[in-house]
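*Asks:*
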Amino acid sequence: MNITGKKILVLAPHTDDLEFGCAGTVSKLIESGNEVWCAAFSACQQSVRKEFPPDILITEIKAASKILGIKPENLILFDYNVRTFNFHRQELLDDILKLKASIQPDIVFIPALTDVHQDHYTIAQEGFRAFKFSSLLSYELPWNNLSFNTACFMKLEEKHMLKKIEAVNQYKSQAHRPYANEEFIRSLARTRGVQINTHYAECFEVIRWIL
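My numbering applies: residue 6 is where the sequence shown begins, and numbers increase by one.
1) Assuming L161 and E207 make a contact with CB atoms under 8 Å, what is their CB distance in whole Å?
2) Is the beta carbon of Q175 less than 8 Å from the beta carbon of A44?
3) Leaving out the 5 sequence neighbours to the left and right, which residues in its chain are closer than 6 Å to L141 when beta-carbon positions are compared?
4) Apart from the five residues on each side of it in sequence, which residues of its chain come closer than 8 Å, Cβ to Cβ, to F83?
5) In the DSSP assignment, find the beta strand (DSSP E) that holds C208 and state where it starts and stops.
6) Would you say S52 and N7 are within 8 Å of each other, going by their C-beta atoms?
7) Evaluate the contact criterion for the segment 105-125 versus the segment 140-156: three or more CB pairs, one atom per stretch, below 8 Å.
8) In terms of residues, what are the limits of the beta strand (DSSP E) holding S52?
9) Might you give, ordered along the chain, the residues of its own chain that have their beta carbon closer than 6 Å to the beta carbon of L80, omitting 5 neighbours on each side?
10) Under the rule that 16 or more other beta-carbon atoms within 10 Å means buried, what is L151, buried or exposed?
Below, the structure is given as structure tokens:
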């Protein structure tokens with residue numbers, strides 16, 4: 006199925022979640038004539054390593070989004086404190102509903118409903134609540150996913166992988182993470198590619214798909 010001419014919204018609890026979860030897909034969707042928005046709800050200033058400025062993740066997501074082709078005006082940054090989202094569910098839902106009204110996306114990407122990180126879980130829950138009548142896909146973050154149903158795949162080419170790797174590499178503040186490196190990114194994409202008899206892929210859990 007070719008997806009083109011659609012408005013697509015990615016809900017990212019933290020500023021790097023889009024890049025880790027679905028950057029190859031976002032690159033391909035933009036290349037195919039879709040318009041993509043990213044809403045990131047925290048720049049994690051409370052947990053940034055001391056050798057970096059507290060707002061480093063804001064600088065990094067702007068650089069990464071540019072590489073993927075997301076327009077600057079389509080990058081929406083909120084300022085919630087990391088690991089506190091469960092205390093602000095109504096405020097988060099209100100902000101998500103405002104995005105729904107202003108963007109009116111055709112497809113929405115959210116974290117998995119089984120994601121064990123408290124912020125990811127809250128965005129997944131409130132994202133589902135806001136967009137329950139929309140096409141909804143969950144992106145894969147295997148280090149956080151208690152379970153994940155690999156039901157939907159996006160075939161990726163080398164050029165999309167290079168965009169994803171370059172985007173992730175903008176996050177110097179996250180380079181210590183075991184999943185923030187080219188070896189892991191390629192190995193996961195190869196694993197998902199093998200599942201559908203192609204070289205590279207990203208996979209998604211289907212929550213709602215409206216035809």
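Here a beta-carbon is modelled for each residue, glycine too, at the ideal position from N, C-alpha and C.
Keep in mind it's a predicted model, so treat the numbers as computed, not measured.
*Replies:* Judging by the given coordinates:
1) Rounded, the Cβ-Cβ distance is 6 Å, consistent with contact.
2) The Cβ atoms of Q175 and A44 lie no closer than 8 Å to each other.
3) Contacts found: V113, I212 and R213.
4) Scanning its chain for C-beta atoms nearer than 8 Å, with the 5 sequence neighbours on each side dropped, one finds around F83 the residues A44, A45, F46, S47 and D100, in chain order.
5) Counting along the chain, C208 sits inside the beta strand (DSSP E) bounded by residues Y205 to R213.
6) No. Outside cutoff.
7) A contact exists between the segment 105-125 and the segment 140-156.
8) Under the DSSP assignment, S52 falls outside any beta strand (DSSP E); it carries neither an H nor an E label.
9) Only C43 and S70 meet the Cβ criterion.
10) Burial call: exposed.
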